[in-house]
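Student: Numbering-wise (my numbering), the sequence shown opens with residue 12 and increments by one.
Have a look at this one before I ask anything.
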Amino acid sequence: MPPAGQLQRQFQHAARLGLGRACLLAQAHPAVDFSAAIIDVALHNYAYDRQSEGSRARYVFALYQLALRPQQPRIRRAVLRALATADPDIWTEIQLLELARWLAEHGHAPATARAAIHRRFRRDQQSGYTDWSGTKEIMALDGLSGLKYIARAYGRRLALDPEYWHDDTLLRDFQELYPEQDGRAALAALASRDADVGRYLAVVEANRRLRAEAAAEPAPDLSIEELLRYKPWFIRRRLPRRGLAEAEARELAERLPAARSHLEREKLLSCFTVVPFPLDYRLLLPYAVRNTGRHRAAAQLALDALALLTGPEIRALALKNLPTARRPARYADLLTRNYQPGDAALLSRLVERSRSEEAVEALAASCCRIYEANVTPECAGPLLALYEKMNCAIHRYYVVKLLIRNDVLPAWLSAELPFDSYADTRGLAAAG
Numbered sequence: 012m013p014p015a016g017q018l019q020r021q022f023q024h025a026a027r028l029g030l031g032r033a034c035l036l037a038q039a040h041p042a043v044d045f046s047a048a049i050i051d052v053a054l055h056n057y058a059y060d061r062q063s064e065g066s067r068a069r070y071v072f073a074l075y076q077l078a079l080r081p082q083q084p085r086i087r088r089a090v091l092r093a094l095a096t097a098d099p100d101i102w103t104e105i106q107l108l109e110l111a112r113w114l115a116e117h118g119h120a121p122a123t124a125r126a127a128i129h130r131r132f133r134r135d136q137q138s139g140y141t142d143w144s145g146t147k148e149i150m151a152l153d154g155l156s157g158l159k160y161i162a163r164a165y166g167r168r169l170a171l172d173p174e175y176w177h178d179d180t181l182l183r184d185f186q187e188l189y190p191e192q193d194g195r196a197a198l199a200a201l202a203s204r205d206a207d208v209g210r211y212l213a214v215v216e217a218n219r220r221l222r223a224e225a226a227a228e229p230a231p232d233l234s235i236e237e238l239l240r241y242k243p244w245f246i247r248r249r250l251p252r253r254g255l256a257e258a259e260a261r262e263l264a265e266r267l268p269a270a271r272s273h274l275e276r277e278k279l280l281s282c283f284t285v286v287p288f289p290l291d292y293r294l295l296l297p298y299a300v301r302n303t304g305r306h307r308a309a310a311q312l313a314l315d316a317l318a319l320l321t322g323p324e325i326r327a328l329a330l331k332n333l334p335t336a337r338r339p340a341r342y343a344d345l346l347t348r349n350y351q352p353g354d355a356a357l358l359s360r361l362v363e364r365s366r367s368e369e370a371v372e373a374l375a376a377s378c379c380r381i382y383e384a385n386v387t388p389e390c391a392g393p394l395l396a397l398y399e400k401m402n403c404a405i406h407r408y409y410v411v412k413l414l415i416r417n418d419v420l421p422a423w424l425s426a427e428l429p430f431d432s433y434a435d436t437r438g439l440a441a442a443g
């Protein structure tokens, strides 16, 4: 057996990334104390995009259950103490609240865990930090009485602050937890004799009508000239829905060389990050290489536009810059439609030399796009290198999907999938 210290370091690395390997290590070495690393990942949500990925509470609780029995109270106390005293970022707080719920539901100091959730909810209500942290957990543990408790709290705050805003998120969360019950009807029946609940429901209904009215109004059909009045990021977001006729795309491309300002140039280039540039792609190359000062934004847009196209000069631009660029992901997308056998070795080296979370995440996004467009077994090199380094479980899911599609998923990785921190990745294991 490897030394305990080595196993603990391996466990901590895997747990911070959210890999199922951490669970397998704990199962294989039941006498090794992994509690320090479990507390670390319990008190810090290490996900790259925590808002999109969500809480890792289920994963951390699984690690807690595998911990040495004498160490479980220590882990539990650390979680509940942090929930009571710390001011973590909101996504870590959500994880702590969910962990407290799992503890309560599975009989690990249930009364203490439930009380900690309620205290945190009241504390955040009083401080104004959030108005929703702890609500799902309270309803999960207390059912309909929990919904009524929260609605009363919201109604009391509305009495003090009539501008306090609420939609029907709380009610939708309740229905998700208890599809057989009608939470809205239960609150409506209570509202006639409970002013706080009535006040809350009135605001919810008013905002529901406003949303329905807004949804009924058709989105304006912007002309190209109207669209170009907006900033480049808005154009990139809106254009996929609007579309661009062939004649419109050609007219915009022909206007690019005569653009009179940096902003006009960026707006025109942003169109061709969505719709392929209809003229000779070589017209975009001068913009792509001027990556300094006020030209930097246009350079990135030009690179994004070139990533939609195929041509030897595009590939040459990628190969020239990828080995030395401080941010190689800027150029990696150029290989999406210009990939050749053997490029996996270059991409693997780029992943291996990347140190920051941001650099690894950017390369993960690029590699997923490249190998979505290019089916090849050699994808295993860079994708497995990413699997070992990235803490974005969302892109890890796509990495695993690509490994499966190319029939290069190693047996050791397949064994880790059922214990991964991300539900969609666990689903890949269930799908076989």
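Each residue gets a CB set at the ideal place from its N, CA and C atoms; glycine is no exception.
None of the values given here were measured: they were computed from a predicted structure.
Any idea what DSSP makes of P41, helix, strand or coil?
Tutor: P41: coil per DSSP, three-state reduction.
Student: Should M401 go down as buried or exposed, given a rule of 16 or more other Cβ atoms within 10 Å for buried?
Tutor: Burial call: buried.
Student: Compute the Euclidean distance between the alpha carbons of R271 and R341, then round it to the nearest angstrom.
Tutor: For R271 and R341, the distance between alpha carbons rounds to 26 Å.
Student: Would T347 be called buried (16 or more neighbouring beta carbons within 10 Å of its own) or exposed?
Tutor: Its Cβ being crowded by 16 or more others within 10 Å, T347 is buried.
Student: Please return the same chain residues whose Cβ sits closer than 7 Å to the Cβ of R87, not counting the five positions on each side in sequence.
Tutor: The residues are L114, H119, A120.
Student: Would you say D153 and S144 are within 7 Å of each other, going by their C-beta atoms?
Tutor: Against a cut-off of 7 Å, the Cβ pair of S144 and D153 comes out as no contact.
Student: Rounded to the nearest angstrom, how far is the Cβ of S66 from that of E109, given a contact under 8 Å?
Tutor: About 5 Å separates the two Cβ atoms, so the contact holds.
Student: Mind checking which residues open and close the alpha helix (DSSP H) that includes T123?
Tutor: Element bounds for T123: 121 to 138.
Student: Since A356 contacts G392 with CB under 8 Å, what's their CB separation in whole angstroms?
Tutor: Between G392 and A356 the Cβ distance is about 7 Å, and since that is below 8 Å, they are a contact.
Student: How should M150 be labelled, buried or exposed, when 16 other C-beta atoms within 10 angstroms of its C-beta is the threshold for buried?
Tutor: Its Cβ being crowded by 16 or more others within 10 Å, M150 is buried.
Student: Helix, strand or coil, according to DSSP, for C378 in the structure here?
Tutor: Note: C378 maps to helix in three-state DSSP.
Student: Taking only three categories from DSSP, how would you classify R271?
Tutor: Correct three-state label for R271: coil.
Student: If you run the structure through DSSP and keep just helix, strand and coil, what is L158?
Tutor: Helix at L158.
Student: So T284 and R247 are in contact, right, with Cβ under 8 Å, and what is the actual spacing, rounded?
Tutor: The pair is a contact, with the Cβ atoms about 6 Å apart (cut-off 8 Å).
Student: Which two residues bound the contiguous alpha helix (DSSP H) that contains W102?
Tutor: Residues 101 to 116.
Student: Here's a check: name, in chain order, each residue in its chain whose Cβ is nearer than 8 Å to the Cβ of G29, leaving out the five neighbours to either side.
Tutor: Excluding residues within five positions, the ones whose Cβ falls inside 8 Å are Y57, A58, R67, Y70, N402, A404, R407, D431, S432, Y433.
Student: Measure the Cβ-Cβ separation of K147 and D184 and say whether it is below 7 Å.
Tutor: In contact: K147 and D184 (Cβ atoms closer than 7 Å).
Student: Going by beta-carbon coordinates alone, are A97 and A111 separated by less than 7 Å?
Tutor: Not closer than 7 Å, so no.
Student: So, at 6 Å on beta carbons, what are the nonlocal neighbours of P243 in its own chain, with the 5 sequence-adjacent residues on each side left out?
Tutor: These residues qualify, in order along the chain: E277, K278, S281.
Student: How far does the alpha helix (DSSP H) with W423 in it reach, from first residue to last?
Tutor: Note, W423: alpha helix (DSSP H), 422 to 427.
Student: Looking at C-beta atoms only, is the number of pairs between the region 351 to 371 and the region 304 to 324 that lie closer than 8 Å three or more?
Tutor: The region 351 to 371 vs the region 304 to 324: no contact.
Student: If you reduce the DSSP assignment to three classes, tell me which class K331 lands in.
Tutor: Here K331 sits in helix by DSSP.
Student: For D344, count the other beta carbons within 10 Å of its own beta carbon; 16 or more makes it buried, fewer makes it exposed. Which is it?
Tutor: Per the 10 Å Cβ criterion, buried.
Student: Can you tell me whether P339 is buried or exposed, with buried defined as 16 or more other CB within 10 angstroms of its CB?
Tutor: Result: buried.
Student: Whose CA, out of A310, V362, A313, lies closest to the CA of T335?
Tutor: Ranking the options by Cα distance to T335, first place goes to V362.
Student: Checking 7 Å against the spacing of the C-beta atoms, do L94 and R131 come in under that value?
Tutor: Yes, the pair counts as a contact, with Cβ atoms nearer than the cut-off.
Student: Going by the beta-carbon positions, is the gap between Y382 and C390 smaller than 7 Å?
Tutor: Against a cut-off of 7 Å, the Cβ pair of C390 and Y382 comes out as a contact.
Student: Taking DSSP as the reference, what is the three-state secondary structure of N385?
Tutor: Three-state result, N385: coil.
Student: Hey, A48 and Q82 are a contact pair by Cβ (cut 8 Å); roughly how many whole angstroms apart?
Tutor: Rounded, the Cβ-Cβ distance is 11 Å, inconsistent with contact.
Student: How should R252 be labelled, buried or exposed, when 16 other C-beta atoms within 10 angstroms of its C-beta is the threshold for buried?
Tutor: So R252 counts as exposed.
Student: Once the 5 residues before and after K412 are set aside, which same chain residues still bring their CB inside 8 Å of it?
Tutor: These residues qualify, in order along the chain: L439.
Student: Which complete alpha helix (DSSP H) runs does the region 54 to 94 hold, if anything under 4 residues is left out?
Tutor: The region 54 to 94 contains these whole alpha helix (DSSP H) runs: 61 to 64, 68 to 77.
Student: Less than 8 Å between C-beta atoms, sequence neighbours within five positions excluded: which residues of the same chain meet that for R326?
Tutor: Answer for R326: L345, L346, N349, Q351, listed in chain order.
Student: What do you get for G9, buried or exposed, if any count of 16 or more other CB atoms within 10 angstroms of its CB means buried?
Tutor: A query on residue 9 cannot be resolved here, the shown segment of the chain reaching from 12 to 443 and no further.
Student: Taking C-alpha atoms, which residue in S46, I161, E174 lies nearest to G194?
Tutor: Cα-wise, what sits closest to G194 is I161.
Student: To the nearest angstrom, report how far apart R168 and L54 are at their CA atoms.
Tutor: Approximately 30 Å between the Cα atoms of the pair.
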